[in-house]
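The next block holds one structure in the form of C-alpha cells; read it before the comments.
Dropping the structure here:
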C-alpha cells in the first residue's frame with residue numbers, strides 16, 4: 074500500500090507530460106515526419122553523390138544493385154516488409170524501431186519502389202526528397218497514432234520482427250570475412266592490407282569489416298588497381 | 002561548387018535526422034506511456050552508461066570510427082549513427098555542465114543537442130567521403146561490390162531461410178514456399194522468406210485473425226502482381242512447353258506489363 078502511494082505522483086507526472094509537444098502522442102507523426110524527411114534526403118544524396126545513406130553497407134548495396142542497372146526488387150521488398158512489420162509492432166509496444174521502419178523502410182524500400190516504377194524526381198531533387206520523406210513520415214506516424222488509439226493493444230504479436238532482426242545482424246557478421254575474400258581476389262597487396270586491417274580491428278574489439286576495408290584502401294593507395 | 006552543395010545538404014539532413022533521434026530517444030524513457038521512436042539497444046546502452054558524459058562520449062566514438070570507415074568506403078553511414086553515435090554524444094554534451102542524468106530524459110534538450118551533433122556529424126562524414134583520392138575509391142568499389150553481391154545473393158537468403166526454419170513449423174513452411182517463389186519471380190529469396198516469417202510468426206502468436214489474414218492476402222497479391230509485371234507468367238508457360246494463350250499476351254499489352 075505504501076508503495077502505491079509513492080507511485081501515484083509519478084503517474085500524474087506522466088499524464089502531465091503527455092499533454093505538451095515533447096511527450097504527446099499527437100506530436101509523434103511530426104517527429105516521424107522530420108526523421109523520414111532527413112533519411113529520405115540522405116538517400117537522395119547517396120543517389121546523387123554516392124554518399125549519405127543512413128544504413129548498413131549490406132542493405133545499401135541492394136539499392137546500389139538497382140542503381141547500377143540491376144533490379145530494385147530486393148531492396149523494395151526487403152524495405153517494405155520491414156516497414157510493415159515495424160509499424161505494427163511499434164504501435165503495440167510503444168517504441169517504433171528506427172532502423173527497420175525509417176532507415177530501412179523509408180530510406181531504402183520506398184525509394185527502391187519509386188525507382189523501380191521509373192519515378193526518379195523525388196529522389197533526384199533534394200528538396201522534393203525532403204518533402205516526400207516528410208509526407209511519408211507523417212502518414213506512418215498517423216497510422217501508428219490511429220492503431221494505438223483504436224486497437225487498445227489487443228494483439229501481442231511482434232510478427233517475428235525479432236527473428237528478422239537477428240538474421241539481419243547475423244548477415245552483418247558475414248561481411249567482414251567476405252570483404253577479406255574479395256580483397257584477396259582484387260590483388261595481393263590489397264589482400265594483405267585487408268588481412269592486417271581486420272586483425273588490428275579484431276584485437277581492438279571492433280567489427281573486422283571496417284578494418285578490412287581500411288587496410289585494403291591504404292594498400293590500394295600505394296598499389297593502385299584498375300576498375 | 003559540389004563541395005558547397007554537399008556541405009549545405011548535409012547540414013540540413015543532419016539536423017533533420019538529429020532532432021527526432023534526440024526527442025525519440027528521450028521519449029523512450031517514458032514508453033509505453035509515450036509513443037517513442039528509437040531502438041531497444043539504444044535504450045539499454047544509454048541506461049548502461051547513464052550519468053557519465055565521458056563514457057557516453059567514448060561509447061559513441063567507437064561506433065563513430067566504424068561509421069566513418071563504412072562511409073568512406075561505401076557511402077553508407079551504418080545504422081549506428083542514429084542508434085548510438087548521435088544519442089550518446091548528445092547525452093554527453095548535455096551532461097558536461099552538471100553531470101545530471103535527468104538531462105537525457107528531457108526530450109527538448111536532447112532534441113536540440115542531437116540536431117547540432119547530427120548536422121556536424123553528417124557534414125563531416127559526407128565531406129571526407131567525397132574528397133577521397135580516386136585510387137582509394139576504385140579499391141573500395143573493387144573490394145566491396147563483389148563482397149556485397151555474395152552477401153545479398155547467397156548469404157542473406159540462406160541466413161534468413163535458416164532463421165525461418167528454426168523459428169517454428171509455420172514460419173519455416175511459409176518461408177520456404179514464399180522464399181522459393183521470390184527467388185523465381187523477383188530474383189532474390191530474402192523478401193519472400195521475410196514475408197514468410199511475418200505470416201508464420203503472426204499466426205503462431207495471435208492465430209488466424211483479421212490482421213494475419215490480410216497480411217497473407219497482401220503477400221499473395223504482391224507475388225501475383227510482381228510476377229505479372231515481370232512477365233513471369235509468360236516465361237513460365239514457355240519453359241513448361243505450354244503455348245502462351247493469346248488472352249494473356251493481350252492482357253500484358255493492355256496493362257503494359
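Residue numbers (this note's numbering), protein chains in the order written: chain W, 74 to 300; chain V, 2 to 258.
Note that CB positions come from ideal geometry on N, CA and C, so glycine has one too.
Source: prediction; values computed, not measured.
Rounded to whole angstroms, what is the Cα-Cα separation between residue i and residue j?
{"i": "residue 101 of chain V", "j": "residue 255 of chain W", "result": "48 Å"}
{"i": "residue 140 of chain V", "j": "residue 106 of chain V", "result": "44 Å"}
{"i": "residue 297 of chain W", "j": "residue 289 of chain W", "result": "11 Å"}
{"i": "residue 280 of chain W", "j": "residue 274 of chain W", "result": "7 Å"}
{"i": "residue 156 of chain W", "j": "residue 146 of chain W", "result": "15 Å"}
{"i": "residue 201 of chain V", "j": "residue 263 of chain W", "result": "44 Å"}
{"i": "residue 80 of chain W", "j": "residue 248 of chain W", "result": "Bear in mind that the predicted position of residue 80 of chain W carries a pLDDT of just 39, short of 50, making it unreliable; the figure below should be weighed with that in mind. One C-alpha to the other measures close to 48 Å."}
{"i": "residue 209 of chain W", "j": "residue 187 of chain W", "result": "13 Å"}
{"i": "residue 107 of chain W", "j": "residue 200 of chain W", "result": "13 Å"}
{"i": "residue 163 of chain W", "j": "residue 175 of chain W", "result": "12 Å"}
{"i": "residue 144 of chain W", "j": "residue 97 of chain V", "result": "48 Å"}
{"i": "residue 211 of chain V", "j": "residue 158 of chain W", "result": "15 Å"}
{"i": "residue 70 of chain W", "j": "residue 219 of chain W", "result": "A query on residue 70 of chain W cannot be resolved here, the shown segment of chain W reaching from 74 to 300 and no further."}
{"i": "residue 246 of chain W", "j": "residue 156 of chain V", "result": "10 Å"}
{"i": "residue 230 of chain V", "j": "residue 182 of chain V", "result": "15 Å"}
{"i": "residue 185 of chain V", "j": "residue 191 of chain W", "result": "23 Å"}
{"i": "residue 243 of chain W", "j": "residue 60 of chain V", "result": "22 Å"}
{"i": "residue 275 of chain V", "j": "residue 143 of chain V", "result": "Residue 275 of chain V lies beyond the range of chain V shown here (2 to 258); nothing can be said about it."}
{"i": "residue 267 of chain W", "j": "residue 286 of chain W", "result": "6 Å"}
{"i": "residue 139 of chain W", "j": "residue 149 of chain W", "result": "10 Å"}
{"i": "residue 237 of chain W", "j": "residue 254 of chain V", "result": "38 Å"}
{"i": "residue 241 of chain V", "j": "residue 172 of chain V", "result": "30 Å"}
{"i": "residue 130 of chain V", "j": "residue 101 of chain W", "result": "33 Å"}
{"i": "residue 228 of chain V", "j": "residue 68 of chain V", "result": "37 Å"}
{"i": "residue 31 of chain V", "j": "residue 128 of chain W", "result": "27 Å"}
{"i": "residue 235 of chain W", "j": "residue 219 of chain V", "result": "21 Å"}
{"i": "residue 216 of chain V", "j": "residue 187 of chain V", "result": "19 Å"}
{"i": "residue 80 of chain V", "j": "residue 112 of chain W", "result": "11 Å"}
{"i": "residue 38 of chain V", "j": "residue 148 of chain V", "result": "32 Å"}
{"i": "residue 123 of chain W", "j": "residue 128 of chain V", "result": "11 Å"}
{"i": "residue 104 of chain V", "j": "residue 66 of chain V", "result": "26 Å"}
Who does residue i pair with in a DSSP beta bridge?
{"i": "residue 39 of chain V", "result": "W:170"}
{"i": "residue 126 of chain W", "result": "V:77"}
Looking at the structure shown, is residue i part of a helix, part of a strand, or coil, going by DSSP?
{"i": "residue 281 of chain W", "result": "helix"}
{"i": "residue 298 of chain W", "result": "coil"}
{"i": "residue 109 of chain V", "result": "helix"}
{"i": "residue 99 of chain W", "result": "coil"}
{"i": "residue 108 of chain W", "result": "helix"}
{"i": "residue 223 of chain W", "result": "helix"}
{"i": "residue 157 of chain W", "result": "helix"}
{"i": "residue 260 of chain W", "result": "coil"}
{"i": "residue 145 of chain W", "result": "coil"}
{"i": "residue 33 of chain V", "result": "coil"}
{"i": "residue 84 of chain V", "result": "helix"}
{"i": "residue 179 of chain W", "result": "helix"}
{"i": "residue 72 of chain V", "result": "helix"}
{"i": "residue 100 of chain V", "result": "coil"}
{"i": "residue 50 of chain V", "result": "coil"}
{"i": "residue 4 of chain V", "result": "helix"}
{"i": "residue 22 of chain V", "result": "helix"}
{"i": "residue 193 of chain W", "result": "coil"}
{"i": "residue 94 of chain W", "result": "coil"}
{"i": "residue 233 of chain W", "result": "coil"}
{"i": "residue 89 of chain V", "result": "helix"}
{"i": "residue 121 of chain W", "result": "helix"}
{"i": "residue 198 of chain W", "result": "coil"}
Margin query: Going residue by residue through the stretch 169-252 of chain V, where are the continuous alpha helix (DSSP H) segments of at least 4 residues, counting only ones entirely within it?
Written below: When DSSP assignments are scanned along the stretch 169-252 of chain V, the uninterrupted stretches of alpha helix (DSSP H) that are 4 or more residues long and fall wholly within it turn out to be 170-187, 191-207, 211-230 and 233-240.
Check: Does the stretch 36-50 of chain V come within contact of the stretch 157-174 of chain V, defined as at least 3 CB pairs closer than 8 Å?
Finding: no
Check: Can we say the stretch 174-183 of chain W touches the stretch 88-98 of chain V, given the rule of at least three CB pairs closer than 8 Å?
Finding: no
Next item on the list: Enumerate, from N- to C-terminal direction, the unbroken alpha helix (DSSP H) stretches of 4 or more residues contained entirely within the stretch 117-167 of chain V.
Entry: 135-151 and 157-167
Check: How do the stretch 13-28 of chain V and the stretch 109-125 of chain V stand: do at least 3 beta-carbon pairs fall below 8 Å, yes or no?
Finding: Taking a cut-off of 8 Å for Cβ pairs, the stretch 13-28 of chain V and the stretch 109-125 of chain V touch, as three or more such pairs fall below it.
Notebook entry, point to check: For the 8 Å Cβ check, are there 3 or more pairs between the stretch 133-140 of chain W and the stretch 2-11 of chain V?
Noted result: Inter-segment contact for the stretch 133-140 of chain W and the stretch 2-11 of chain V is absent: fewer than three beta-carbon pairs are separated by less than 8 Å.
Next item on the list: Count the C-beta pairs between the stretch 72-88 of chain V and the stretch 129-137 of chain V that are closer than 8 Å, then say yes if the count reaches three, no if not.
Entry: yes
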